[in-house]
Structures are given as C-alpha cells and as structure tokens.
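The structure appears below as structure tokens.
2 protein chains.
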Amino acid sequence: MKIVFIGSGNLATNLGKALYRAGHEILQVYSRTAENADDFAELFECSATTDIYNIRCDADIYIFSVKDSVLERLANCVADSITDKLFVHTAGSMPMDVLPVKRRGVLYPMQTFSKRREVDFSVIPTFVEAENEDDLQLLKTLAESITESVYVLDSEKRKNLHLSAVFCCNFVNHCYRLGEKVLDGIPFSVMLPLIDETARKVHEMTPSDAQTGPAIRWDENVIENQMMMLDNKPEMKTIYEQLSKSIHNDKL
Amino acid sequence: MKIVFIGSGNLATNLGKALYRAGHEILQVYSRTAENADDFAELFECSATTDIYNIRCDADIYIFSVKDSVLERLANCVADSITDKLFVHTAGSMPMDVLPVKRRGVLYPMQTFSKRREVDFSVIPTFVEAENEDDLQLLKTLAESITESVYVLDSEKRKNLHLSAVFCCNFVNHCYRLGEKVLDGIPFSVMLPLIDETARKVHEMTPSDAQTGPAIRWDENVIENQMMMLDNKPEMKTIYEQLSKSIHNDKL
C-alpha cells in the first residue's frame, strides 16, 4: 500500500520500519520539525514536508501518529484537501471519531517505543477498528503484514486496554526507577534477574498467584522498617504505603 | 557440605534443590508442619522433624529459611544445643546479628520464589555476609557452587537491596494485577509482549530513559480521562494519581 505518515516520533518510526520492510511504499512524511522529517524521509526513501497543507493526495492510507493533543487539528488540516481516502490514527486512548472523514480507522500497536531501541514488530499485539467493513478488512490485512497478533477492538474497549498498558508498562517502569533510587550505590544491574523473573512468572500464573514479599504476607515489621527508610522521601513513602495496602486488600 | 535446613518454604525448597544438585548433602529439615517437612525430606532424601529441639548436630551449616517474625526464636532454640557451627539465614531485611552464635552469616538469593515454578538458580544474584573471614570464604564457596553471581554485602546495604526488590518485583507485579483488573474482559495475555518489552528495555537503558506514556509527556487530557475511568475504584485512582505525579516530578 501507499502510505503517508503524519508524525515522525517513536511510534511512527517503528511502525514505518515494519511497514517498509513488509514491502509497503511510504510516499511522504510530515513533521513539525524539518530535522525529524528529513531523518524519517532518509530512512524510508520518501519525501518530507513541514507544511501540513502540503500533503500528497495519491496515497491509499494516511497514518496520523502524533501527540493526542494535536491529532484532531492536524487531521482537520489534511481533510481540507483530501476527503476520500482512509485516515488512521495510532493512539491508544483517542476515539476513532476525532478523524473528520468518512473513511476512518485506528491501528494501535500496543508497545513501548523508544527511537534508540529496535523492537520485533511481529509479536506486538495490534488493535484495529474502522468505520466501514471494507476499510476494516484493509486495516486487518495491513496489520497482518507486520504482526502475528491482530485484534479488532472498538474505541471504548481500547480505552480499557490503554489504561491497562499504563499500569503494566509506565507504572511498572517507574517502580524500576524507584527501586533504582534506593539502591544507594549498588549497581541497578543486580536487579535485572529479579525484574526478568517477575515478568516471566505472569506468563504462567495470574499476577495474584505470583505475588510474594512483605505486603502479601502483611509482615508489619518489615513494612514499618522499610517505610522508616523512606522517611526522607515522602513521595516514595506514600507510594510504598498505598501499594502495600492495595496488595493486602486485593487478597481479602 | 553437610546442611540442615530450618524451614521448608518457597525459598528453602528452591535453594535446597540447587544445593542438592550441586552435590551437597542435606541431612535434615525442620518444619512446623509434618506434611511440609516430609515433602521436603522426600525431595532431598533427608530426615525430617517438626521438633526444633531435635536438630542434628553433625552438619557443617544450618540454614534458617523461615518467616522473619520467627527467625530469632527458632535460632535461639537450635543454639541451645549447637553452639560451634555456622548458622546462616536467607532473609533480605534481617540483620546478621539476630543469629545468637559466634559463627554466623547470611546467604540472600534475591529472587521471587513460588513453589510451583522452577527457577534457574545459576543466574540469581546471591548476597553473602559472615561474622568472620573463614566463614565468609566458606559461604562464598557454597554460593558459587550454585550461582554465577555472588556478592559480599553487609546487613545495612542488604536492607537497601531488599527495599529495591520490593519496588522492582512486588510492586511491579501488583501493577500487573491492577492492569489486569481494568481490562474488562480482554484476556490478560495480550499484555505479555508489552510486559516483556518493558522488562527488556531496562537492560539497555536507565528506567528514566525508558519511560513513555501520558505521565512523562504530562498529557493532562489522557490523565484526566483515565482517572475518570477509575472513579468507582478509589484505591486505584489514588495509586494512578500518585504514580503519575511521581513520574512527572522525577523528570523535573
């Protein structure tokens, strides 16, 4: 398929790579900054623009992969001149109907993307939705050309998925960060086998069954001592208390 | 070495397996409940007792792997009759000096153990400490017979390590649990590729560099909408708010 990308961030770059490798043709990329647009264009041998009113009209599909806050505005700009093509966004928490065209859809690859790190797109669960049945089939085919896990999911359910992703990824990663902060000189790398096993365990058992540690045993002695260690870090102390109570309450 | 185990829980069972396979001789196990003691004894072809005053005196090392709250009491019971042997405990957050004998030490394998799940002990970072130099060498040798990662760490530093483990494992696992709760019928298995990538990422970059999502971008629109979705789950809503603020503050 012939594709135009609006946006050149982490998700756009990783998705672009996967589509390019699968043999799709990327015609053009729009980015607010010339440098990002040029980097992206070089990667995919396509043209670049920083003018949202200068989007080519000969693509099959327009993929909007931009910040949620500018998505609607940029889609409206493009829809000024292009009205009969399929518009798709990649945002977990935005409904499909922010796109102001009849042929619209969503392609949400649920993963944490960083530009520096290459990911294996073929195992990324990707959730698609479209306004009409033909476009849904088209989006499924497109998604299946880059990943083995394609699901049809509506905007309402996708909100649940995105909230879950915030807990399972962003909050998890922040717990790693907080764990790193208390190590006091011990290198963070010693935590990696524990981090890996914690992730592996929930492949085999539910998170509830996998839980261990002072909070699930409600070992008040350890909990009190550890909270005392956080006396000079009030924000972390609150988080420690909240999460410990939540672990304990979940068992009841 | 000839070993007596006091305790037959998750950690004792996994440590016992590793030591047994490495060719050490487990002479006896004590457990409060006959069933647990017998299960352990069968696994390691050793004798079992439920009487803490009936511990054999011919072992080289006595490994206490019991709940923190009963550790000191049980060690005192054994020390009534055995005074010249090496006592070791396996607890992350207990100081070495709760053991009431001259020859004492700690062997803390930092991992999350569940009886149902076999772990590869050879990659588990294990932290040792001993009152005297000879016993420290002995513990290092013992630990090196079952794992490639052996570190000498004193009781004070081990407290930091254990607190970090609570964040990197127990709290992380609870975030998985909370993520599962909001999925509303979508199977938890769709989250596993994201969970795995989140863990893999911090092998290559710091948790701060790895962070993504609405909180680090401080996307107020998404944050507000997601908090509204948790209106009927006040405990989760508080956790969502606390962790989002903490992610945001960490960047400043």
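Protein chains in written order, with this note's numbering: chain A, 2 to 253; chain B, 2 to 253. All residues carry an ideal CB built from backbone N, CA and C; glycine is no exception. Predicted, not measured: the structure shown is a model, and the values here were computed from it.
| Item | Value |
| --- | --- |
| Listed by chain order, chain A residues near residue 97 of chain B by CB distance under 8 Å | The premise fails here: residue 97 of chain B is roughly 15 Å from chain A at the closest Cβ pair, so nothing lies under 8 Å. |
| Proximity of residue 11 of chain B and residue 86 of chain B at Cβ, strictly below 8 Å | no |
| Buried/exposed call for residue 90 of chain B, threshold 16 Cβ in 10 Å | buried |
| Beta-carbon proximity of residue 9 of chain A to residue 38 of chain A, cut-off 8 Å | yes |
| Cβ-Cβ distance between residue 111 of chain B and residue 62 of chain B below 8 Å | no |
| Whether residue 75 of chain A touches residue 147 of chain A by CB criterion (8 Å) | no |
| Integer-rounded CB distance, given that residue 122 of chain A should sit under 8 Å from residue 105 of chain A | Not quite, the Cβ-Cβ distance comes to about 23 Å (not below 8 Å), so this is no contact. |
| beta-carbon residue 178 of chain B near the ligand COA non-hydrogen atom, thresh 7 Å | Although the ligand COA was asked about, the structure shown includes no ligands whatsoever. |
| Residues sharing a beta bridge with residue 60 of chain B, DSSP | The partner list for residue 60 of chain B (beta bridge, DSSP) is empty, contrary to what the question assumes. |
| Sequence-distant residues of its chain with Cβ nearer than 8 Å to residue 28 of chain A (five each side left out) | 3, 4, 5, 47, 48, 57, 59 and 60 |
| Chain A contact for residue 10 of chain B (CB, 8 Å cutoff) | no |
| Check whether residue 124 of chain B and residue 108 of chain B have beta carbons under 8 Å apart | no |
| Partners in chain B for residue 126 of chain A, counting only beta-carbon separations shorter than 7 Å | 191 and 194 |
| Environment of residue 235 of chain B [buried if 16+ CB atoms lie within 10 Å] | exposed |
| Residue 214 of chain B versus B:195, B:94 and B:157, residue with shortest Cα-Cα distance | B:195 |
| 8 Å Cβ cutoff, residue 108 of chain B in contact with chain A | no |
| Counterpart residues of residue 105 of chain B in DSSP-defined beta bridges | B:88 |
| Cβ-based neighbour list, residue 73 of chain A, same chain, cut-off 7 Å, excluding 5 preceding and 5 following | 99 |
| Every unbroken alpha helix (DSSP H) inside the segment 144–188 of chain B [4 residues or more] | 156–166 and 173–182 |
| Of the listed residues A:118, A:155 and A:169, nearest to residue 205 of chain B (C-alpha basis) | A:118 |
| Where residue 120 of chain B meets chain A, residues with beta-carbon distance less than 7 Å | 198 |
| Burial state of residue 154 of chain A (16 or more Cβ within 10 Å) | buried |
| Contacting residues, own chain, Cβ-Cβ under 6 Å from residue 83 of chain B (five flanking each side not counted) | 58 |
| Residue 117 of chain A at chain B interface by Cβ criterion, 8 Å | yes |
| Straight-line Cα distance separating residue 21 of chain B from residue 15 of chain B | 10 Å |
| Closer than 8 Å to chain B by CB, residue 18 of chain A | no |
| Cutoff 8 Å: residue 77 of chain B Cβ touching any chain A Cβ | no |
| Given residue 247 of chain A as reference, the closest of B:103, B:150 and B:178 once Cα atoms are compared | B:178 |
| Bridge partner(s) assigned by DSSP for residue 127 of chain B | B:110 and B:151 |
| Whether residue 152 of chain B touches residue 126 of chain B by CB criterion (8 Å) | yes |
| Of the listed residues A:113, A:103, A:149 and A:157, nearest to residue 133 of chain A (C-alpha basis) | A:103 |
| First through last residue of the alpha helix (DSSP H) which encompasses residue 199 of chain B | 193–202 |
| Proximal residues, the segment 163–177 of chain A versus chain B, C-beta separation under 9 Å | 163, 164, 165, 166, 167, 168, 169, 170, 171, 172, 173, 174, 175, 176 and 177 |
| Neighbour flag for residue 103 of chain A against chain B, beta carbons, 8 Å | no |
| Listed by chain order, chain B residues near residue 220 of chain A by CB distance under 8 Å | 68, 69 and 70 |
| Cβ shell of residue 80 of chain A (< 6 Å), same chain only, five flanking positions each side left out | 101 and 102 |
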